[in-house]
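J.: Handing you this structure, nothing more for now.
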Amino acid sequence: MGEDECFNDFEIKLMDIVNQSHQLGDPYSDRRVKQKIMRSLPDRFESKVTAIEENSGYMDMKPSEVIGRLLAYESRKVPSTTTPPKKSKGIALKASKDAKEAKHESDEDLALFVKRFNKVMGFKKKKGFGSRGQDFKKKSSFKKFEPRQERTERKGV
């Protein structure tokens with residue numbers, strides 16, 4: 001059982017292990033289950049473990065009675081005596097670049113963005129956004145087909 005784990009979660013895990021062991025044909029005795037409970041408790045339960053073990057009826061107790069006493073102890077005492085969570089140590093990192101270098105890089109990034117944007121917009125301007133019919137209205141876009149003089153002269157002869 002972990003220091004920050006509540007006893008109820010631990011009890012559920014322990015009972016799952018005991019039940020699986022029983023299903024596999026290796027049942028735990030009540031004495032063995034009690035020993036495992038008492039051994040795996042964190043330091044915050046030390047006083048209660050000592051009190052239960054020194055009790056004259058400890059050997060006759062069932063695991064459910066031990067679990068009940070520990071749950072009652074946790075609900076009464078442990079929340080008021082818990083210590084605040086430990087603060088993790090912060091790590092100070094050194095900046096690898098100066099502010100001028102960072103500004104220079106952001107300027108380069110912006111310049112690259114503008115260059116690409118203008119390239120895309122220029123490409124669209126060349127292609128044109130209008131319909132193709134507008135190009136054909138101009139007289140310069142048409143060329144009339146005129147047969148060569150040589151061909152017509154040969155055919156006529």
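Start counting the sequence shown at 1; every next residue gets the next number (the UniProt record's numbering).
Virtual Cβ for every residue (Gly too), placed ideally from N, Cα, C.
Treat the numbers as computed from the prediction; the structure is a model and nothing was measured.
1) Based on Cα-Cα distance, which residue from Lys34, Asp43, Pro42 lies nearest to Ile52?
2) Hey, Leu70 and Lys36: beta-carbon distance below 8 angstroms or not?
3) To the nearest angstrom, how far is it from the Cα of Arg116 to the Cα of Ile91?
4) In terms of residue numbering, what span does the alpha helix (DSSP H) encompassing residue 182 cover?
5) Since Pro63 contacts Asp30 with CB under 8 angstroms, what's their CB separation in whole angstroms?
6) Under DSSP, the alpha helix (DSSP H) around Lys34 begins and ends at which residues?
7) Ordered along the chain, which non-local residues of its own chain (more than five positions away) have a Cβ less than 6 angstroms from that of Cys6?
8) Return yes when the Cβ of Glu11 is within less than 8 angstroms of the Cβ of Ile67, no when it is not.
9) Rounded to a whole number of angstroms, what is the C-alpha to C-alpha distance between Asp16 and Glu74?
T.: Looking at the atomic coordinates:
1) Cα-wise, what sits closest to Ile52 is Lys34.
2) No; because the gap between Cβ atoms is not below 8 angstroms, this pair is not in contact.
3) 39 angstroms
4) The displayed coordinates of the chain run from 1 to 157. Any statement about residue 182 would go beyond what the structure contains.
5) 6 angstroms
6) 30 to 40
7) none
8) It is a contact, given that the beta carbons lie within the stated cut-off.
9) 21 angstroms
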